[in-house]
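Residue numbers (UniProt numbering): 1 to 677.
In structure tokens form, the structure reads like this:
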């Protein structure tokens, strides 16, 4: 809890410090870039024109943006705390979904703040200018400048904060990992994002901001130089006009108009004007002079180094020059209002910006592909390993760079080597474990084997004694004249019966020995032979007979598969798998007698289904989930958990099959071995 709160304080400080730092830096620069007239801000003149000073306007934008930003941050913190509390109290099965929903929300926060920091203030500025009926070009210029400033703030804050946001996720993950089973596959729950998108999101705005600021600064510089040059030209023209101090043949206005027409205008948008002694303005072609233009000329210009120079409005690229003349004892003001906006300059700047933007995007796209392609090579190889799809552990990725990507590729190659060595060792250990399990099973079968062989041996011994008696009887009857041919035939028939019995017993003994011998074969000597279900079930019946008899449990065998259908594979391994499951079913009854285990063999489409079903206590959902994933046992210290785990591995490896399980607590368990034909 403390870790997350501490990091959240870091985020709050980061966003606010970046915001204050950048806005403070641009406080003095904005008027210069927007070409504000000299000495026209933060004074009574500006209050009379706008109602607010520049500082008040700037502060209003800063505070409103800052409030929005902090509201989102505080709301996000409250949401995070709420979700953290839910994570701590939710059930394990809900934890993964909730955690990734939580992660998605956290990762969205920087993007949401980014959007709000940039877009909302710009909308407010544009709406304000629209309500005040501001000039479209000035509105556009102001919006572009503030967009650049706010985007710069958002980009810097995003770059430095995203690391802290991700660290919060890491802290929360380790906070709940012990109490929740979190699925590591992120893409199941959150839409995958591209590294290319992140690169573009960081670099494109930064480039755009830089380009905008350079363009606006360059434009302001051009306007300043062009304004000075135009002012000097018109100043010289006005000063060169020869104005009579006394005229009588025409009125003063007409006279001054004629004189002003002698001055060649630099642009079609430029026009001359006259200010009468009573303050009335008369402009060429009925043009109008703005209040700002006249008020600045009257109040501010006299205090400036160029008292005959005036300006049209804040951010407007129109200026004016005046000359005061005396005619018939009255002071008249003549001047020229000139426009500095150059379409060619604007088009040129926009063209350069567009070209640089496209070039930047192309370079960035190819650069990001260069980085991502190398990372993708490693990630695809790792995904292939994780999904266990045709993995060649001898395969090595080529190291083609000496940077961090090269280190990553080199680390992958080392992991490949280590993984190969570990898997080889695991296979060796698995073979050893399975061999031990097989030998343990053989140990359990020894008693049953002795019992299975004892009865036929005793029977063969009895048959031998019977044959001995018949042979002696036959010898004695040879010299006896009273013994008829039918008596000889009867003795021969009795001898033949004993021979048949001996043959039957020896065949049974042979089957027992064959079955036991099959179980004694090691894993390294696979016996891929063809066998039908009768052969399989016969071996199972022989090997499990003694254990079933001792447990007083019957095995109900049902074979619904024709003897014409054969499977190919290691029959001994399959026998061991089924015997292990039958033994598990016997133990599941926990000493209860007169119970039944069903062994059912069926054919379904192109598969053989072998079901081992008991009616014992069943198993919990937790045990069932882990059954084939790890070595789990319910037998305490008497069990290794190896049997079912190895059975599953055997069926997969030797037959390309599968094992399914259906278990209900208190009702029993059914294992279904699925074998493809």
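Just so you know, even glycine gets a beta-carbon here, dropped at the ideal spot from N, CA and C. Values in this document were obtained by computation on a predicted structure and should not be read as measured data.
Neighbour-count burial assignment, residue i, 16 or more Cβ in a 10 Å radius
| i | result |
| --- | --- |
| residue 499 | exposed |
| residue 148 | buried |
| residue 69 | buried |
| residue 115 | exposed |
| residue 522 | At residue 522, the pLDDT of 45 sits below 50, so the modelled position is not reliable; the number obtained from the coordinates is stated separately. Residue 522 should be labelled exposed. |
| residue 76 | buried |
| residue 573 | buried |
| residue 540 | buried |
| residue 668 | buried |
| residue 141 | buried |
| residue 286 | exposed |
| residue 46 | buried |
| residue 309 | buried |
| residue 275 | buried |
| residue 637 | Because residue 637 carries a pLDDT of 39, less than 50, the predicted location of this residue cannot be relied on, and the following value inherits that uncertainty. Label assigned to residue 637: exposed. |
| residue 634 | At residue 634, the pLDDT of 48 sits below 50, so the modelled position is not reliable; the number obtained from the coordinates is stated separately. Looking at its Cβ environment, which holds fewer than 16 other Cβ atoms inside 10 Å, residue 634 is exposed. |
| residue 570 | buried |
| residue 671 | buried |
| residue 230 | buried |
| residue 6 | exposed |
Endpoints, the beta strand (DSSP E) within which residue i is located
| i | result |
| --- | --- |
| residue 678 | Only positions 1 to 677 of the chain appear in the structure, and residue 678 is not among them; the question remains open. |
| residue 548 | Element bounds for residue 548: not the beta strand (DSSP E) but the alpha helix (DSSP H), 533-551. |
| residue 609 | 607-614 |
| residue 281 | 281-283 |
| residue 601 | 595-604 |
| residue 274 | 271-275 |
| residue 334 | 330-339 |
| residue 303 | Counting along the chain, residue 303 falls outside any beta strand (DSSP E), and DSSP gives it neither H nor E. |
| residue 310 | 309-311 |
Option nearest residue i by Cα separation, candidates the options
| i | options | result |
| --- | --- | --- |
| residue 262 | 378, 211, 335, 199 | 335 |
| residue 217 | 293, 29, 137, 259 | 29 |
| residue 675 | 655, 665, 268, 540 | 655 |
| residue 247 | 327, 284, 297, 272 | 327 |
| residue 658 | 649, 666, 665 | 649 |
| residue 24 | 204, 150, 272, 532 | 150 |
| residue 202 | 468, 361, 174, 646 | 361 |
| residue 111 | 428, 137, 156 | 156 |
| residue 152 | 266, 163, 31, 21 | 21 |
| residue 333 | 394, 259, 339 | 259 |
| residue 651 | 108, 618, 567, 604 | 567 |
| residue 663 | 614, 467, 546, 53 | 614 |
| residue 580 | 553, 592, 543, 594 | 543 |
| residue 366 | 118, 197, 4 | 197 |
| residue 145 | 229, 290, 220 | 220 |
| residue 80 | 99, 63, 94 | 99 |
| residue 14 | 646, 162, 56 | 162 |
| residue 491 | 241, 339, 466 | 466 |
Beta-carbon proximity of residue i to residue j, cut-off 9 Å
| i | j | result |
| --- | --- | --- |
| residue 610 | residue 600 | yes |
| residue 227 | residue 171 | no |
| residue 195 | residue 363 | no |
| residue 624 | residue 661 | yes |
| residue 38 | residue 304 | yes |
| residue 315 | residue 59 | no |
| residue 135 | residue 357 | no |
| residue 533 | residue 553 | no |
| residue 214 | residue 165 | no |
| residue 616 | residue 576 | no |
| residue 283 | residue 292 | no |
N-terminal and C-terminal residue of the alpha helix (DSSP H) that residue i is part of
| i | result |
| --- | --- |
| residue 56 | 54-89 |
| residue 683 | The requested residue 683 is not part of the displayed model; the chain covers only 1 to 677. |
| residue 233 | 195-240 |
| residue 665 | Note, residue 665: premise wrong, no alpha helix (DSSP H); not H, not E. |
| residue 42 | Looking at the DSSP string, residue 42 is not in any alpha helix (DSSP H), and its letter there is neither H nor E. |
| residue 293 | 291-295 |
| residue 588 | 571-588 |
| residue 260 | 252-260 |
| residue 30 | 29-33 |
CB-CB length for residue i against residue j, believed under 8 Å
| i | j | result |
| --- | --- | --- |
| residue 40 | residue 296 | 7 Å |
| residue 608 | residue 677 | 6 Å |
| residue 691 | residue 555 | Summary: the structure shown does not reach residue 691, with the chain confined to residues 1 through 677, and so no result is reported for it. |
| residue 509 | residue 456 | 5 Å |
| residue 409 | residue 359 | The pair is not a contact, with the Cβ atoms about 30 Å apart (cut-off 8 Å). |
| residue 19 | residue 66 | 6 Å |
| residue 289 | residue 337 | 7 Å |
9 Å Cβ cutoff, residue i in contact with chain B
| i | result |
| --- | --- |
| residue 152 | This model lacks chain B altogether, as it is built from one protein chain only. |
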